[in-house]
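Structure first, commentary second.
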Amino acid sequence: MNMKKWFTKIGMILVVMVMCIVGFGSVPVYASMEDDAMDYTLGETYYGQWLNEDCYKFALSKKSHVAFRINLYGSIAYDYIELYNSAGKRVFYGANLSWNYNNVKDISTGRVSRTLNTGTYYLKIDSERNYNFKITAEPLITLPRGTITSLKSNKPGQATVSCKAASNAIGYRIQYSTDYRFHKGVKTVYSPTRVKTLTKLTKGKRYYIKVCPYTVYDDGEHAFGVNSYVKSVYIKKK
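Going letter by letter, the sequence shown gives residues 0 to 237 in numbering that gives the first Met the number 0.
Listed below in structure tokens is the structure:
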């Protein structure tokens, strides 16, 4: 056999072998983890031990507000913590969490919340210390646009705002400023009722006001509706 043809044939075989190896090696890592993942029950606290590489899975039947909390024994260090969906897209990882350290108990606590769609999710934790975590899910709360029904200045330096009741709201965020674009001097108050009197306003000035209904999820995260259309009022001088 011609040596040149022989080397060409061998070269083609080697190329095919390399392509096969690369192809098999390109299977996503998370695919094998899905098979080994332990079922997690939402709302329960699970405990893990150090030097374990654990994977948990849970399912959402509807779009939800999901809150994750983890306690790690020791000072803050971003152990390998990652949540991803069934397509392998990462939702969050350790550096995305808000961390606090209790030096009395020597415990680091990390928290994060996300709005997640229906589907199955996988949580991987690879820690060098003992830990416990909890995941909660609440139905997504939808709030309407705020509506100002009345805006008057009946007393010097004051303005009374009335707004339309909004379903699912526990209160109303009221923002006001002498700048109609709300670029500067913006003040914000939260009112548990539909009627709120704003005080210590500059007499003889025109104020621009908007309201927005809000509520709070169990983990403390706020959910807001849409700001109302802006209305203005001239503040009485005397």
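Even glycine gets a Cβ: it sits at the ideal position worked out from N, Cα and C.
For this session: Starting from the C-beta of residue 234, find all residues in its chain whose C-beta is less than 7 Å away, skip the five residues before and the five after it, and write them out in chain order.
Result: Working through the sequence shown from its first residue, we reach residue 234 at position 235. Excluding residues within five positions, the ones whose Cβ falls inside 7 Å are 152, 156, 158, 200, 201, 202, 203, 204, 206.
Problem set entry | Between the CA atoms of residue 173 and residue 223 - distance to the nearest angstrom | Along the sequence shown, read from residue 1 onward, the residue named residue 223 stands at position 224. Along the sequence shown, read from residue 1 onward, the residue named residue 173 stands at position 174. So the two alpha carbons sit approximately 12 Å from each other.
For this session: Return the CA-CA distance between residue 116 and residue 83, expressed in angstroms with no decimal places.
Result: Along the sequence shown, read from residue 1 onward, the residue named residue 116 stands at position 117. Along the sequence shown, read from residue 1 onward, the residue named residue 83 stands at position 84. Between residue 116 and residue 83, the C-alpha separation is close to 12 Å.
Problem set entry | Other residues of its chain near residue 48: CB distance less than 7 Å, five sequence neighbours each side excluded | Stepping through the sequence shown from its first residue, residue 48 is reached at position 49. Cβ neighbours of residue 48 beyond the five flanking positions: 129.
Exercise. Apart from the five residues on each side of it in sequence, which residues of its chain come closer than 8 Å, Cβ to Cβ, to residue 213?
Worked result: In the sequence shown, residue 213 corresponds to position 214, counting from 1. The residues are 142, 168, 169, 170, 171, 172, 189, 221, 222, 223, 224.
For this session: Would you list the residues sitting across from residue 118 in a DSSP beta bridge?
Result: Here residue 118 refers to the residue found at position 119 of the sequence shown. Per DSSP, 59.
Exercise. Hey, out of 164, 228, 193, 112, whose CA is closest to residue 179's CA?
Worked result: By one-based count along the sequence shown, residue 179 stands at place 180. When only C-alpha atoms are compared, the closest one is 228.
Exercise. Among residues of its own chain, excluding the 5 on either side of residue 38, which ones have a beta-carbon nearer than 7 Å to its beta-carbon?
Worked result: Within the sequence shown, numbered from 1, the residue matching residue 38 stands at position 39. The residues are 56.
Problem set entry | Buried versus exposed, by CB contacts within 10 Å (16 or more), residue 175 | Here residue 175 is taken as the residue at index 176 of the sequence shown, counted from 1. Buried, since its Cβ has 16 or more Cβ neighbours within 10 Å.
Exercise. Less than 8 Å separating the beta-carbons of residue 208 and residue 185?
Worked result: Against the sequence shown, residue 208 aligns to sequence position 209. Against the sequence shown, residue 185 aligns to sequence position 186. No; because the gap between Cβ atoms is not below 8 Å, this pair is not in contact.
Problem set entry | Host beta strand (DSSP E) of residue 138 (start-end) | Indexing the sequence shown from 1 puts residue 138 at position 139. Note, residue 138: beta strand (DSSP E), 130-138.
Problem set entry | Pick from 70, 165, 216 that is closest to residue 104, judged by C-alpha positions | One-based indexing of the sequence shown puts residue 104 at position 105. The residue with the shortest Cα to Cα distance from residue 104 is 70.
Exercise. So what's residue 170 in DSSP terms, helix, strand or just coil?
Worked result: The sequence position of residue 170 within the sequence shown is 171, counting from 1. Residue state, collapsed to three classes: strand.
Problem set entry | residue 221, enclosing beta strand (DSSP E) - first and last residue | Position 222 of the sequence shown, counted from the start, is the residue given in the question as residue 221. Its beta strand (DSSP E) spans residues 221-223.
For this session: Would you kindly check if the distance between the Cβ of residue 149 and the Cβ of residue 161 is under 8 Å?
Result: Within the sequence shown, numbered from 1, the residue matching residue 161 stands at position 162. Within the sequence shown, numbered from 1, the residue matching residue 149 stands at position 150. Yes. Within cutoff.
Problem set entry | CB contact flag (residue 65, residue 164, <8 Å) | The residue labelled residue 65 in the question sits at position 66 within the sequence shown. The residue labelled residue 164 in the question sits at position 165 within the sequence shown. Taking 8 Å as the Cβ cut-off, residue 65 and residue 164 do not qualify as a contacting pair.
Exercise. With burial defined as no fewer than 16 other Cβ atoms inside 10 Å of the residue's Cβ, what is the status of residue 107: buried or exposed?
Worked result: Numbered from 1 along the sequence shown, position 108 holds the residue referred to as residue 107. With 16 or more other Cβ atoms within 10 Å, it is buried.
For this session: Have a look at 121, 119, 90 and flag the residue whose alpha-carbon is nearest the alpha-carbon of residue 112.
Result: What you label residue 112 is simply residue 113 of the sequence shown in a count that begins at 1. It is 90 whose Cα lies nearest to the Cα of residue 112.
Exercise. Would you say residue 43 and residue 123 are within 8 Å of each other, going by their C-beta atoms?
Worked result: Counting from 1 along the sequence shown, the entry for residue 43 is found at position 44. Counting from 1 along the sequence shown, the entry for residue 123 is found at position 124. Contact flag unset, no.
For this session: In angstroms with no decimal places, state the Cα-to-Cα distance between residue 46 and residue 177.
Result: On the sequence shown, position 47 is the one that residue 46 refers to. On the sequence shown, position 178 is the one that residue 177 refers to. Cα to Cα, residue 46 sits roughly 53 Å from residue 177.
Exercise. Cβ of residue 114 within 8 Å of Cβ of residue 58?
Worked result: Here residue 114 refers to the residue found at position 115 when the sequence shown is read from its first residue. Here residue 58 refers to the residue found at position 59 when the sequence shown is read from its first residue. No, these two residues do not count as a Cβ contact at 8 Å.
For this session: Name the one or two DSSP bridge partners that residue 44 has.
Result: Looking up residue 44 in the sequence shown gives position 45. Paired residue(s): 133.
Exercise. Tell me which same chain residues have a C-beta within less than 7 Å of the C-beta of residue 5, skipping the five on either side of it?
Worked result: Stepping through the sequence shown from its first residue, residue 5 is reached at position 6. Confidence in residue 5 is poor, its pLDDT being 45 and thus under 50, which makes the residue's placement unreliable; the coordinate value appears in the next sentence. Here the set comprises nothing.
Exercise. Among the residues of its own chain, which have a CB less than 6 Å from the CB of residue 68, if the five just before and after it don't count?
Worked result: Numbered from 1 along the sequence shown, position 69 holds the residue referred to as residue 68. So the list reads 110, 133, once near-sequence residues are dropped.
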